[in-house]
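Protein chains in written order, with the numbering used here: chain A, 4 to 348; chain B, 85 to 336. The structure appears below as structure tokens.
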Amino acid sequence: MGFFVHTKVQSIRQNHLPDALPDFRNLGVISRILLSVNVLALLVALARSREVGEFAARATEIAGSLEPVLLVVVLVLYAGSTLLERLAYLHGLLAVFAIVVAATAALFPLQSLLGGSGSWRELAWSLICAALGTGIVAWYFHLRNRAFSPAISEARLQALQARIRPHFLFNCLNAVLSLIRKDPKRAEGALEDLAELFRTVMADNRRLIALSDELSLCRQYLNLEQLRLGERLRVDWRLDPTADQALVPPMVLQPLVENAVYHGIEPGIAPGLIEVRIERRKDRLWLQLSNPYHADYQHRQGNHMALANIRERLQLHFDVEASLNTRIAGGRYEIDIAMPYRTSL
Amino acid sequence: MSPIRVLIVDDEEPARSRLRELLEDCRAELPHSVAGEAANGVEGLRMVTASGAQVVLVDIHMPEMSGIEFARHLQVLERPPAVIFVTAHDQYAVEAFEVNALDYLTKPVRSARLLAALRKAASGARLERGVLEGIDPAPRRHFSVAERGRVTLVRVSDVIYLRAELKYVTLRTHDREHLVEESLSQIEQEFGGVFVRIHRNCLVARRLIRGFERGTETEGDAGWSVRLEGLDERLPVSRRQWAQVKALAGQG
Numbered sequence: 004m005g006f007f008v009h010t011k012v013q014s015i016r017q018n019h020l021p022d023a024l025p026d027f028r029n030l031g032v033i034s035r036i037l038l039s040v041n042v043l044a045l046l047v048a049l050a051r052s053r054e055v056g057e058f059a060a061r062a063t064e065i066a067g068s069l070e071p072v073l074l075v076v077v078l079v080l081y082a083g084s085t086l087l088e089r090l091a092y093l094h095g096l097l098a099v100f101a102i103v104v105a106a107t108a109a110l111f112p113l114q115s116l117l118g119g120s121g122s123w124r125e126l127a128w129s130l131i132c133a134a135l136g137t138g139i140v141a142w143y144f145h146l147r148n149r150a151f152s153p154a155i156s157e158a159r160l161q162a163l164q165a166r167i168r169p170h171f172l173f174n175c176l177n178a179v180l181s182l183i184r185k186d187p188k189r190a191e192g193a194l195e196d197l198a199e200l201f202r203t204v205m206a207d208n209r210r211l212i213a214l215s216d217e218l219s220l221c222r223q224y225l226n227l228e229q230l231r232l233g234e235r236l237r238v239d240w241r242l243d244p245t246a247d248q249a250l251v252p253p254m255v256l257q258p259l260v261e262n263a264v265y266h267g268i269e270p271g272i273a274p275g276l277i278e279v280r281i282e283r284r285k286d287r288l289w290l291q292l293s294n295p296y297h298a299d300y301q302h303r304q305g306n307h308m309a310l311a312n313i314r315e316r317l318q319l320h321f322d323v324e325a326s327l328n329t330r331i332a333g334g335r336y337e338i339d340i341a342m343p344y345r346t347s348l
Numbered sequence: 085m086s087p088i089r090v091l092i093v094d095d096e097e098p099a100r101s102r103l104r105e106l107l108e109d110c111r112a113e114l115p116h117s118v119a120g121e122a123a124n125g126v127e128g129l130r131m132v133t134a135s136g137a138q139v140v141l142v143d144i145h146m147p148e149m150s151g152i153e154f155a156r157h158l159q160v161l162e163r164p165p166a167v168i169f170v171t172a173h174d175q176y177a178v179e180a181f182e183v184n185a186l187d188y189l190t191k192p193v194r195s196a197r198l199l200a201a202l203r204k205a206a207s208g209a210r211l212e213r214g215v216l217e218g219i220d221p222a223p224r225r226h227f228s229v230a231e232r233g234r235v236t237l238v239r240v241s242d243v244i245y246l247r248a249e250l251k252y253v254t255l256r257t258h259d260r261e262h263l264v265e266e267s268l269s270q271i272e273q274e275f276g277g278v279f280v281r282i283h284r285n286c287l288v289a290r291r292l293i294r295g296f297e298r299g300t301e302t303e304g305d306a307g308w309s310v311r312l313e314g315l316d317e318r319l320p321v322s323r324r325q326w327a328q329v330k331a332l333a334g335q336g
């Protein structure tokens with residue numbers, strides 16, 4: 004695989020992700036907006052106060068007019084995020100500016116209730132502050148996007164390297180060779196599965212894919228493992244058909260299934276069971292995987308790399324809304340992944 | 085020259101059948117017969133003497149007992165068969181084989197390589213015992229004893245205590261005793277905290293320690309002896325080891 008990885012490095016470095024608006028439904032994005040706007044407001048309050056005692060009064064004054072607008076803007080962006088995502092970046096940005104200006108203007112009367120003068124001058128001042136603030140926050144997200152796009156490529160690169168153990172590839176080719184004389188039909192099927200598996204591994208893995216695609220990838224992988232492990236490998240699928248269209252990061256399950264075989268099935272002589280469970284609860288998607296735990300074989304390398312890699316990619320895609328937890332319970336190793344249930348980008 | 089007898093040890097059926105096919109392919113050039121097939125090391129050791137194998141093709145990466153441990157156990161035999169290691173991808177082992185000039189094959193195996201390895205094995209190249217210990221530093225799961233020309237395995241977890249007596253070490257399990265040709269300090273080192281040294285000449289299984297009894301003061305002993313689960317006998321703890329043993333046992 005080293006060869007493929009090498010040729011891909013350059014093409015990745017050249018392509019930055021195109022600019023895009025952040026996902027306004029994401030908790031991480033929302034908290035970043037709230038935090039950065041409030042920090043800006045505090046800075047303004049600091050700049051406008053001539054002495055220390057004045058700062059608190061200034062800050063309260065600004066907060067009084069700012070918070071209602073901010074709240075409304077965040078809510079509108081949350082509600083309209085699907086529409087905004089369809090627009091080109093610049094159009095989307097203009098739309099956001101328009102929303103901010105409109106919210107500021109609409110809530111302006113509230114300011115005079117809270118003790119403002121309600122003058123045209125004050126309205127103009129508020130609008131300028133709102134527009135400037137929006138510009139700064141947009142610039143922050145733009146920079147953040149820049150900073151993270153190589154990270155996404157890098158994560159993908161790691162994905163390429165960490166995926167599919169050489170151990171698996173060579174054992175698998177060996178198993179296929181053993182079939183060629185006795186059962187050429189089965190050998191054909193196995194090579195087709197292998198080709199498909201590698202096609203996915205080498206594909207552009209930056210975009211989210213349907214869960215059903217990820218599951219069929221896992222099936223192809225397990226078919227190949229079944230070939231050499233036979234009866235020793237048992238898999239119990241408990242799937243939720245309503246979750247098929249959920250969007251997940253590519254290769255979010257397959258490396259974990261591969262780990263389950265490597266750490267849970269191969270070290271045992273007796274048959275072992277891998278359980279895959281998918282469940283959708285309202286707007287959350289749960290992926291659960293468990294396999295037999297062999298305490299004696301923990302020196303086998305490679306587990307943590309795949310876990311860290313998947314955790315990182317989940318974070319890149321879903322920020323704080325996704326989680327990955329592992330535990331050992333009742334002689335089994337269990338992995339739980341939770342992420343937002345999404346069907347469109 | 086009579087045909088070489090070859091034993092195949094691999095946990096994956098397709099891998100065994102592939103080796104059979106390849107052996108078939110090079111039979112014309114080097115006469116041999118397949119003496120047997122085993123799906124793991126324990127089974128392989130059981131078969132090795134009865135099958136009269138002269139060469140064993142063994143996968144490194146197997147459940148229950150690695151190919152390296154398998155080869156180590158073979159060495160207790162007076163005339164162990166030659167071993168050819170097979171591995172799909174184990175960088176560490178491959179490097180160690182290169183360094184020690186041991187023969188190995190990578191999966192998928194090529195028949196030309198297999199033929200060369202068989203020829204070399206038939207010529208009588210033998211393994212050095214110390215070499216294998218260096219390749220796989222992971223503790224073994226079994227001790228091995230040569231009994232009536234066969235390899236008898238004793239699970240490490242079945243051992244209650246080990247006591248050095250002259251040239252040998254007596255290894256005590258629940259139902260019997262075995263003699264192994266190893267040194268206590270090597271065993272102590274290999275298995276880390278599994279065995280605790282209670283005396284210059286004795287190691288006991290730490291998890292079986294059930295308590296200590298005060299006995300009569302004798303020369304060199306602390307006057308304490310250890311009570312082990314599954315053993316009526318009490319083993320004396322030396323004055324030198326007492327503090328350490330007490331501390332270790334206290335940790336559970």
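All C-beta atoms, glycine included, are put in the ideal place defined by N, C-alpha and C. This structure is a prediction, so every number in the text was calculated from the model and none was measured.
Nearest by alpha-carbon distance to residue i: which of the options is it?
{"i": "T236(B)", "options": "V132(B), L312(B), R284(B)", "result": "V132(B)"}
{"i": "A66(A)", "options": "L225(A), W123(A), R53(A), C132(A)", "result": "C132(A)"}
{"i": "W142(A)", "options": "A311(A), L288(A), S39(A)", "result": "S39(A)"}
{"i": "I277(A)", "options": "K285(A), Q248(A), Q229(A)", "result": "Q229(A)"}
{"i": "A137(B)", "options": "I152(B), I144(B), I168(B), M146(B)", "result": "I168(B)"}
{"i": "Y81(A)", "options": "L200(A), L211(A), L30(A), Q223(A)", "result": "L30(A)"}
{"i": "P343(A)", "options": "R284(A), R184(A), N148(A)", "result": "R284(A)"}
{"i": "H145(B)", "options": "E234(A), Q114(A), F173(A)", "result": "F173(A)"}
{"i": "L74(A)", "options": "Q114(A), A44(A), L176(A), A106(A)", "result": "A106(A)"}
{"i": "R316(A)", "options": "R210(A), G83(A), G136(A)", "result": "R210(A)"}
{"i": "E70(A)", "options": "I36(A), L87(A), S84(A)", "result": "I36(A)"}
{"i": "G276(B)", "options": "F181(B), R256(B), P221(B)", "result": "P221(B)"}
{"i": "A180(B)", "options": "H173(B), L189(B), G218(B)", "result": "G218(B)"}
Could you tell me if residue i is buried or exposed, where buried requires 16 or more neighbouring beta carbons within 10 angstroms of its beta carbon?
{"i": "E313(B)", "result": "exposed"}
{"i": "P253(A)", "result": "buried"}
{"i": "K188(A)", "result": "exposed"}
{"i": "W123(A)", "result": "exposed"}
{"i": "V329(B)", "result": "buried"}
{"i": "E57(A)", "result": "exposed"}
{"i": "Y92(A)", "result": "exposed"}
{"i": "E297(B)", "result": "exposed"}
{"i": "P274(A)", "result": "exposed"}
{"i": "K185(A)", "result": "exposed"}
{"i": "V321(B)", "result": "buried"}
Helix, strand or coil for residue i, going by three-state DSSP, please let me know.
{"i": "D216(A)", "result": "helix"}
{"i": "G67(A)", "result": "helix"}
{"i": "Y344(A)", "result": "coil"}
{"i": "Y252(B)", "result": "strand"}
{"i": "R283(A)", "result": "strand"}
{"i": "Y245(B)", "result": "strand"}
{"i": "Y336(A)", "result": "strand"}
{"i": "N328(A)", "result": "strand"}
{"i": "L319(B)", "result": "strand"}
{"i": "N294(A)", "result": "strand"}
{"i": "F111(A)", "result": "helix"}
{"i": "A48(A)", "result": "helix"}
{"i": "G214(B)", "result": "helix"}
Beta carbon of residue i, beta carbon of residue j: below 8 Å?
{"i": "G267(A)", "j": "P295(A)", "result": "yes"}
{"i": "G95(A)", "j": "L49(A)", "result": "no"}
{"i": "L182(A)", "j": "C221(A)", "result": "no"}
{"i": "V93(B)", "j": "V139(B)", "result": "no"}
{"i": "A193(A)", "j": "V204(A)", "result": "no"}
{"i": "M149(B)", "j": "H262(B)", "result": "no"}
{"i": "I282(B)", "j": "L315(B)", "result": "no"}
{"i": "A198(A)", "j": "N262(A)", "result": "no"}
{"i": "D247(A)", "j": "L214(A)", "result": "yes"}
{"i": "D187(B)", "j": "A201(B)", "result": "yes"}
{"i": "L232(A)", "j": "E96(B)", "result": "yes"}
{"i": "V264(B)", "j": "Y252(B)", "result": "yes"}
{"i": "E153(B)", "j": "G125(B)", "result": "yes"}
{"i": "R294(B)", "j": "L216(B)", "result": "no"}
{"i": "L292(A)", "j": "L259(A)", "result": "yes"}
Report, in whole angstroms, the separation of the C-beta atoms of residue i and residue j, which I expect to be a contact under 8 Å.
{"i": "V178(B)", "j": "T171(B)", "result": "7 Å"}
{"i": "C286(B)", "j": "L199(B)", "result": "With a Cβ gap of about 50 Å, C286(B) and L199(B) do not count as contacting."}
{"i": "R89(B)", "j": "E121(B)", "result": "With 8 Å as the limit, R89(B) and E121(B) do not qualify as a contact, their Cβ atoms being about 12 Å apart."}
{"i": "V104(A)", "j": "L130(A)", "result": "6 Å"}
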